[in-house]
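In full-length UniProt numbering, the protein residues as written are 1 to 419.
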């Protein structure tokens, strides 16, 4: 078997050709650097082997430098650095030869060496793959379909929503990526990811082939006293049914405080010539479901996995977040992909919400894989439920409950935008 070497991808065309081969999307006639917009050259990585054909790599991956909203003091989210794993692809000729394992090990070592960054996160194309490498499902993503004219009832927010002015822009307008980023960073709910400006430049990138039979993506900005306080990015597709307008309006995300989001959503369900509004990036406890009168007040609710979280530097990652209750639990962690996390750790959280995580020789109270801690990291996956499902093992009765009560949050994490 050929040796696998992972490092910076120095050839943008080769990187892109690998991606095109694996994902078999239409090959577009544009320069590779344009199609790689938002992915910094120093964050493009490739696996090399001696038997590669020279036009593609054995595998590739990329990283978006992100901020992740984790539990913070007083129940408010706190933004911490996060490595957003993306563009992961193994060439069909090199599958089942350890290429993905080598790339992920390289990624974990890179993250571990990066000062201040202790977690990795991704959206999984094939979820079963990443659970094997220590990623845990930390949040859910709902796609909520609403009929045009749907009533969104929130009497306590009506006055605040009326103060919000909603204005439309196009993604190609100057400064839209920066404005989107500033809105998302200022109103980050638990579980939100925020990219650098170039990430939003990628979100706003449009080429003609992406638009076939659709309008350009547009952005509604919510403003209060002349200041941006939220946005919704959307795209309409014309459609007619028996001479009646029934267009589709797809919403990428709605960002802002509750009153701003309500104002934006009320505008989105009030466009002419539209029959269905599909709102994506909706968290499992998002108020949209309540405003619509519950799931049966919608046209449909589809549930998907959202953010998968991986603790790369376990003690630092756990100390980065706030804790909801005191606990003193010794956990025995299994982690084959990042062996520096393997072994026993004493997690001691005090009433202030701070925690220390240190190596321990004491008997374990709880045995669990590292992905269980990643799943519970944002307070969205119940460790006690994982214990009842047989995925976490208690050596001391009540240890799973104790640790979960310390990690849980007042509300579930929201869905994270794709990257």
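We put the CB at the ideal spot given by N, CA and C, even for glycine.
Problem - Distance between residue 54 and residue 90 (C-alpha atoms, nearest Å) - result: 15 angstroms
Practice task
Could you pull out every unbroken beta strand (DSSP E) segment of at least 3 residues lying fully inside the UniProt domain "Enhanced intracellular survival protein" (314-410), listed in chain order?
Solution key: Scanning the UniProt domain "Enhanced intracellular survival protein" (314-410) from its first residue to its last, the whole beta strand (DSSP E) runs of 3-plus residues come out as 327-334, 343-349, 355-359, 366-369.
Exercise for the section: Would you check if the distance between the CB atom of residue 300 and the CB atom of residue 260 is smaller than 7 angstroms? Expected result: no
Practice task
State the beta-bridge partners of residue 212 as determined by DSSP.
Solution key: Bridge partners of residue 212: none, in fact.
Problem - alpha helix (DSSP H) runs wholly inside the region 190-267, at least 4 long, in chain order - result: 197-203
Exercise for the section: Using beta-carbon positions only, say whether residue 341 and residue 350 come within less than 7 angstroms of one another. Expected result: no
Problem - Residues near residue 62 in its chain [Cβ-Cβ closer than 6 angstroms; skip 5 each side] - result: 39, 43, 44, 86, 87
Problem - Presumed contact (8 angstroms Cβ cut-off) between residue 315 and residue 358, rounded CB distance - result: 7 angstroms
Exercise for the section: Find the nearest neighbour of residue 224 within the set 311, 163, 64, judged by alpha-carbon distance. Expected result: 163
Exercise for the section: Determine, using beta carbons only, whether residue 185 and residue 194 come nearer to each other than 7 angstroms. Expected result: yes
Exercise for the section: Kindly indicate if chain C contains any beta-carbon less than 7 angstroms away from that of residue 329. Expected result: Absence of chain C from the displayed structure is noted, only one protein chain being present.
Handout entry: Within 7 angstroms, strictly: CB atoms of residue 391 and residue 404
Key = no
Exercise for the section: Alpha carbon to alpha carbon, how far is residue 64 from residue 393? Give it in angstroms, no decimals. Expected result: Looking at the backbone, the Cα of residue 393 and that of residue 64 are separated by about 35 angstroms.
Exercise for the section: Keeping to the same chain, check which residues put their C-beta closer than 6 angstroms to that of residue 319; ignore five residues upstream and five downstream. Expected result: Closer than 6 angstroms at the Cβ level, and outside the excluded window around residue 319, lie 355, 357.
Handout entry: beta strand (DSSP E) segment containing residue 78, residue limits
Key = 77-90
Handout entry: residue 23 burial status per 10 Å Cβ neighbour count (16 or more: buried)
Key = Exposed: under 16 other Cβ atoms inside 10 Å.
Problem - DSSP beta-bridge partners of residue 310 - result: 120
Handout entry: Length of the line joining the Cα atoms of residue 421 and residue 246
Key = Because residue 421 is not part of the residues shown, which for the chain are 1 to 419, the question remains open.
Practice task
Provide the residue span of the alpha helix (DSSP H) that contains residue 131, from first to last.
Solution key: Segment 127-131, the alpha helix (DSSP H) holding residue 131.
Practice task
Compute the distance between the beta-carbons of residue 413 and residue 190, then report whether it is under 7 angstroms.
Solution key: yes
Exercise for the section: Tell me whether residue 273 sits in a helix, a strand or coil according to DSSP, three-state version. Expected result: coil
Practice task
Rank 20, 306, 220, 275 by C-alpha distance to the C-alpha of residue 243 and give the top, closest one.
Solution key: 275
Handout entry: Nearest residue (CA-CA) to residue 332, options 305, 310, 313, 364
Key = 364
Problem - Per-residue DSSP class, three states only, for residue 419 - result: coil
Problem - Inter-residue CB distance, residue 312 and residue 112 (contact presumed, cutoff 8 angstroms) - result: That belief holds up - the Cβ atoms of residue 312 and residue 112 are roughly 5 angstroms apart, short of 8 angstroms.
Handout entry: residue 12 to residue 59 span [Cα, whole Å]
Key = 13 angstroms
Handout entry: Integer-rounded CB distance, given that residue 30 should sit under 8 angstroms from residue 166
Key = Rounded, the Cβ-Cβ distance is 33 angstroms, inconsistent with contact.
Handout entry: residue 337 versus residue 48: straight-line alpha-carbon distance, rounded
Key = CA-to-CA, the gap between residue 337 and residue 48 works out to about 20 angstroms.
Exercise for the section: Could you say which of 291, 137, 84, 368 lies nearest to residue 117 if we only look at CA atoms? Expected result: 84
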